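K.L.:
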Amino acid sequence: MSFERIKEKLNILADAAKYDVSCASSGSNRTNKNKGLGNSTGMGICHSYTEDGRCVSLLKILMTNYCIYDCAYCVTRKSNDIKRAAFKIQEVVDLTINFYRRNYIEGLFLSSGIFKNADYTMERLVAVAKKLREEENFNGYIHLKSIPGASDELMREAGLYADRLSVNIEVPTVSGLKLLAPDKNYEDFTKPMLKVKNEIIQYKAEKKIIKSTPKYAPAGQSTQMIIGATGESDKDIMYSATHYYKNYHMKRVYYSGYVPVAEDKRLPAIGSQVPLLRENRLYQTDWLLRFYGFHVKEILNADFPNLDMDVDPKLGWALRNMHHFPVDVNRADRAMLARIPGIGMQSVHKIINARKFRKLNWEHLKNIGIALNRAKYFMVCDSSKWENRDLEPDRIKGLILQNSSGKFRKEYSNQLQLFS
Numbered sequence: 006m007s008f009e010r011i012k013e014k015l016n017i018l019a020d021a022a023k024y025d026v027s028c029a030s031s032g033s034n035r036t037n038k039n040k041g042l043g044n045s046t047g048m049g050i051c052h053s054y055t056e057d058g059r060c061v062s063l064l065k066i067l068m069t070n071y072c073i074y075d076c077a078y079c080v081t082r083k084s085n086d087i088k089r090a091a092f093k094i095q096e097v098v099d100l101t102i103n104f105y106r107r108n109y110i111e112g113l114f115l116s117s118g119i120f121k122n123a124d125y126t127m128e129r130l131v132a133v134a135k136k137l138r139e140e141e142n143f144n145g146y147i148h149l150k151s152i153p154g155a156s157d158e159l160m161r162e163a164g165l166y167a168d169r170l171s172v173n174i175e176v177p178t179v180s181g182l183k184l185l186a187p188d189k190n191y192e193d194f195t196k197p198m199l200k201v202k203n204e205i206i207q208y209k210a211e212k213k214i215i216k217s218t219p220k221y222a223p224a225g226q227s228t229q230m231i232i233g234a235t236g237e238s239d240k241d242i243m244y245s246a247t248h249y250y251k252n253y254h255m256k257r258v259y260y261s262g263y264v265p266v267a268e269d270k271r272l273p274a275i276g277s278q279v280p281l282l283r284e285n286r287l288y289q290t291d292w293l294l295r296f297y298g299f300h301v302k303e304i305l306n307a308d309f310p311n312l313d314m315d316v317d318p319k320l321g322w323a324l325r326n327m328h329h330f331p332v333d334v335n336r337a338d339r340a341m342l343a344r345i346p347g348i349g350m351q352s353v354h355k356i357i358n359a360r361k362f363r364k365l366n367w368e369h370l371k372n373i374g375i376a377l378n379r380a381k382y383f384m385v386c387d388s389s390k391w392e393n394r395d396l397e398p399d400r401i402k403g404l405i406l407q408n409s410s411g412k413f414r415k416e417y418s419n420q421l422q423l424f425s
């Protein structure tokens, strides 16, 4: 195969892979062995950074952009008039090794359009990972996309060679999937998820007894939702995400704003791209659910189906629940401290440790790193000053917004109104 043809394939299939954001490598601890190639990265999404500051990158490509399905939201759908290409198994292996040897990458993120059928496509993805591990002795990070509808046997084999597996649920609701991808079945997405979940549970149980048990998807599994392709509310999105975290033990759920690329009466018009601020608010909500002890119904419910774009979701919750405040930072427990706007979990730990030695005042809290421009309205400390002074929530919100700015705010548009 000529260099020019490989280059052309790479341009086509790397560009087609850019819409998938679920390629963080956090959670894997595969180490180099037997003088092999590479170490698994601590985290990384194609030119991202590890926790210790290293810049890392993954070769992020599709095996092919041919696809038997015609999903309205997908740029590689079979009815779309685009250039098509397909890598051979050995070509992906050679690209990965050659890019690694040149220090271009530290791992591989491999997805694919579905050609022939799910098992045929998944077999090819697994074959790439197997060749890299067994023939090239490659110990770097590998993330494989699980093909919806793939057999349990292939999912079992995939997890033995990949650090992370992921099935993109794509549309947050079953009704949305039927509308935009009528040829696909919801069960085809959840079946591989369930298999991976059960295999990970089995691996952890066997590892306690047999230390040499082969690793199975050590970085877990993730999924991705396309946001804004249908009229789903933020409530619909986060309730779906909570379902996948709880029932399939997801390491991460990613939220990718839909980019209109074609005229279709089922989809938003070209030019009505989902604002980055909406993605940002969804990630903030995700963080509150996973690390701050919030329940999804506290933030989003029938009365509040969409997030406030003006303020972050924790501040929005606090403004709607002023009866919980003010909180005395010198007495409150960890859970309540974490609910004060402007206080992150690191600051919570610092407060708990610091108040063992003395009562904390405003100066101490400022030195800890708390965002007092928000927090001061919701807490009291070892001081006679308290900023609330019976202010109404709307007034507090106005004062906070007056003294703050957001990098996404200028880009916000009322995209949800397109579906009203």
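Counting in this note's numbering, the sequence shown tops out at residue 425, every number present. The beta carbon of each residue, even a glycine, is placed where N, CA and C say it ideally should be. As the structure is a computational prediction, the values presented were derived from the model and not from experiment.
#1: Verify whether the separation of the beta carbon atoms of Leu324 and Pro318 is less than 8 Å.
#2: In three-state terms, what does DSSP make of Val332?
#3: Flag this pair as touching only if the stretch 85 to 102 and the stretch 13 to 28 have three or more C-beta atom pairs under 8 Å; answer yes or no.
#4: For a test of the three-state rule: what should DSSP assign to Thr69, helix, strand or coil?
#5: Pick from Arg295, Val316, Tyr297, Trp322: whose alpha carbon is nearest that of Asp308?
#6: Which residue spans inside the stretch 194 to 238 form an unbroken beta strand (DSSP E) run of at least 3?
#7: With burial defined as no fewer than 16 other Cβ atoms inside 10 Å of the residue's Cβ, what is the status of Val179: buried or exposed?
#8: Measure the beta-carbon distance from Glu111 to Leu67 and round it to whole angstroms, keeping in mind my assumption that it falls under 8 Å.
#9: Pick out whichever of Arg283, Tyr221, Ser245, Tyr244 has its Cα sitting closest to the Cα of Tyr263.
#10: Is it buried or exposed for Gly181, if we count other Cβ within 10 angstroms and need 16 for buried?
#11: Could you compute how far the alpha carbon of Ile356 sits from the alpha carbon of Arg295?
#12: In angstroms with no decimal places, state the Cα-to-Cα distance between Lys200 and Gly154.
#13: Going along the chain, which residues of its own chain have a beta-carbon closer than 7 Å to the beta-carbon of Arg379, five neighbours each way excluded?
#14: What's the C-alpha gap between Asp241 and Phe8?
#15: With DSSP as the reference, identify every bridge partner of Glu175, one or two as the case may be.
#16: Can at least three beta-carbon pairs, one atom from the stretch 128 to 141 and one from the stretch 194 to 211, be found at a separation below 8 Å?
#17: Take the Cβ of Gln226 as the centre, count every other Cβ of all protein chains shown within 10 Å, and call the residue buried at 16 or more, exposed below.
#18: Who are the near neighbours of Ile373 in its chain, counting only those whose CB is closer than 6 Å to its CB and skipping five residues on each side?
#19: Can you name, in chain order, every residue of its own chain whose Cβ lies under 7 Å from the Cβ of Leu159, other than the five neighbours on each side?
P.N.:
Result, derived from the coordinates:
#1: no
#2: strand
#3: yes
#4: strand
#5: Trp322
#6: 226 to 232
#7: exposed
#8: Glu111 to Leu67, Cβ: 20 Å. No contact.
#9: Arg283
#10: buried
#11: 21 Å
#12: 11 Å
#13: Leu320, Pro346, Gly347, Ile405
#14: 47 Å
#15: Met230
#16: no
#17: buried
#18: Ser352, Lys355
#19: Asp124, Met127, Glu128, Val131
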